[in-house]
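What follows is a short report on a single structure.
Chains as they are written, first to last, in this note's numbering: chain A, 962 to 1072; chain G, 551 to 664.
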């Protein structure tokens, strides 16, 4: 596609439920990143995929968070048993070199 | 450890005034440097980047930034701000030759006074 696409754009979920956030990167981009941005905060790195290499999961805050990237393209970030502190904007970015292109984000609200 | 510092959390300037947003980094090798802008409710958009060569780089929307190795800085400037420049600005450093990971500053929120 023309840009990085994220869905849904907004998600409201009840505490304890699982959620899946989707990222469709720019076609041909080998690198894909997930970040979390809490209200008024900077970017918190979550996970990084590069080609067929093992992902860098060092930023995932707990084992409730996981992500996969199928076929080197679409990625899904899954949060299990959501907590209120998971409320944030989740940003996805992709790159084919050093310049990262961002999606519009998914705003997650846990109530 | 690699780090990026944006010392100003908020900056307020009058429309038409000049702007400088500060960014300092800590990185052992030649850095890859970026400035991104995030408008309210939007994702991040690349303003400009420095990889090598001329240390004064031009970006979109009339912004420029200067890489100063001796000061480990990459400050963003604009000679005359417009109300539409109100946004949050993030500086980032690219780490490593084969690792495309980015180290991010905490951001500076720009407020424009009419």
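Heads up, the beta-carbon is just placed ideally off N, CA and C, and yes, glycines get one too.
Expressed to the nearest angstrom, what Euclidean distance is found between the alpha-carbon atoms of residue i and residue j?
i: residue 611/G; j: residue 1008/A; result: 31 Å
i: residue 641/G; j: residue 597/G; result: 10 Å
i: residue 586/G; j: residue 977/A; result: 34 Å
i: residue 589/G; j: residue 1015/A; result: 33 Å
i: residue 1028/A; j: residue 1019/A; result: 12 Å
i: residue 974/A; j: residue 1044/A; result: 10 Å
i: residue 1062/A; j: residue 664/G; result: 32 Å
i: residue 575/G; j: residue 658/G; result: 15 Å
i: residue 554/G; j: residue 980/A; result: 32 Å
Who are the Cβ neighbours of residue i in its own chain at under 6 Å, not counting the five residues just before and after it?
i: residue 582/G; result: 601 and 644
i: residue 656/G; result: 556
i: residue 983/A; result: 968 and 1037
i: residue 1026/A; result: 1040
i: residue 1004/A; result: 996 and 998
i: residue 622/G; result: 574 and 575
Taking Cβ to Cβ, would you say residue i is nearer than 8 Å to residue j?
i: residue 989/A; j: residue 1036/A; result: no
i: residue 594/G; j: residue 613/G; result: no
i: residue 1039/A; j: residue 1051/A; result: no
i: residue 1064/A; j: residue 999/A; result: no
i: residue 599/G; j: residue 617/G; result: no
i: residue 631/G; j: residue 565/G; result: yes
Give the interface partners of residue i over in chain A, defined as CB-CB distance under 8 Å, in chain order.
i: residue 644/G; result: 1059
i: residue 617/G; result: By Cβ distance, chain A contributes nothing, its closest Cβ being about 15 Å from residue 617/G, past 8 Å.
i: residue 552/G; result: None at all; the shortest Cβ gap to chain A is about 12 Å.
Can you name the residues of chain G whose CB is closer than 7 Å to the CB of residue i?
i: residue 1064/A; result: 593
Give me the chain G residues within the contact set of residue i, using Cβ-Cβ distance strictly less than 8 Å, ordered along the chain.
i: residue 1052/A; result: 593 and 594
i: residue 1003/A; result: 640, 654, 655, 656 and 657
By the 10 Å Cβ neighbour count, where 16 or more other Cβ atoms means buried, how is residue i classified, buried or exposed?
i: residue 1072/A; result: exposed
i: residue 559/G; result: exposed
Excluding five sequence neighbours on each side, which residues of the same chain lie with their C-beta closer than 7 Å to the C-beta of residue i?
i: residue 562/G; result: 661 and 663
Which residues in chain A sit within 7 Å of residue i, going by Cβ to Cβ distance?
i: residue 575/G; result: Here the premise fails: no neighbours, minimum Cβ distance about 14 Å.
i: residue 599/G; result: 1060
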